[in-house]
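A.B. asks: Using my numbering, read the sequence shown as starting at 253 and increasing by one per residue. C-beta: ideal position from N, C-alpha, C; glycine also. Fair warning: this is a prediction, and the values are worked out from it, not measured in the lab.
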Amino acid sequence: MPLPHWTPEHVLPPGRHPADLSDLYERFVWDAPHRNEREIIFSALSGYLGVVCRLIPSGRAWIGGELTNRTSDAPRDVDVVLIPDEWGALKRLDGAARARLYGMLTLRGVIAEQPVMYLEQVQPVSGLLDGFLCHPGDEDEWAAIWARGPVPGTAKGFAEVTW
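#1: Under three-state DSSP, which class holds Leu334?
#2: Return the chain-ordered list of same chain residues with a C-beta closer than 8 Å to the C-beta of Trp394, the five sequence neighbours on each side being excluded.
#3: Please return the same chain residues whose Cβ sits closer than 7 Å to the Cβ of Gly311, not counting the five positions on each side in sequence.
#4: Report yes or no: do the stretch 397-410 and the stretch 338-355 share at least 3 C-beta pairs separated by less than 8 Å?
#5: Report the option in Met253, Pro266, Thr259 whose CA atom is closest to the CA atom of Phe410.
#6: Starting from Phe384, trace the beta strand (DSSP E) in both directions and tell me its first and last residue.
#7: What do you reckon, are the CB atoms on Leu264 and Pro256 nearer than 8 Å?
#8: Since I believe Ala296 is in contact with Ile380 (beta carbons under 8 Å), could you give me their beta-carbon distance rounded to a whole number of angstroms?
#9: To test your reading of the DSSP string, which unbroken alpha helix (DSSP H) runs of 4 or more residues are found completely within the stretch 286-369?
#10: Label Arg306 either buried or exposed according to how many other C-beta atoms from any shown protein chain fall within 10 Å of its C-beta, with 16 as the threshold for buried.
#11: One question on the structure: do Tyr423 and Pro376 come within less than 8 Å of each other, judged by their Cβ atoms?
#12: Would you kindly report the start and end of the unbroken beta strand (DSSP E) that includes Glu393?
#13: From Leu273 to Val413, what does the alpha carbon distance come to, in whole angstroms?
#14: With which residues is Glu412 paired in a DSSP beta bridge?
#15: Across which residues does DSSP place Gln373 in a beta bridge pair?
Now the structure itself:
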């Protein structure tokens, strides 16, 4: 089912909108300015979701962030929150798979050794994507965050990809 058309505020109408990758491409790349920048971010998102689907047997991804707004400014990234259908499946991942999954999540306030440095934020895919993992029971909090419009007090919609 295609994503709904942009509102006059250049966002999706409020709500969670089911989509697949072709729907995301149509609305967030083809039907928006700065197509070249959007193509690069979409490629990062597509690859990211491909890896996620191999690690998490089934779940949903909520897509938000700058890519999902139709503004005159070029988007810098896309935001994704992963919602596994079964949390136990993550606990059963072997060490290598768990490390790959954790490497796909955004980290904030990181202190690294050799060389010693403080990093405000570490993002997957060269900073083109912010990836988060929703713990069971936190869906309402994430939905509220994803529904915040670009102007305080406004609401916007977001896309939901299921696998």
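C.D. replies: In terms of the structure at hand:
#1: strand
#2: Trp314, Val333, Ile335, Phe384, Cys386
#3: Leu334, Ile335, Pro336, Asp337, Trp415
#4: no
#5: Pro266
#6: 381-385
#7: yes
#8: According to the sequence displayed, residue 380 carries Leu and not Ile. Going by Cβ atoms, the distance from Leu380 to Ala296 rounds to 4 Å, so yes, they are a contact pair.
#9: 287-307, 339-343, 347-354
#10: exposed
#11: Residue 423 is absent from the structure shown; the chain starts at 253 and stops at 415.
#12: No beta strand (DSSP E) holds Glu393; the alpha helix (DSSP H) holding it covers 391-398.
#13: 8 Å
#14: Pro270, Trp314
#15: Arg360
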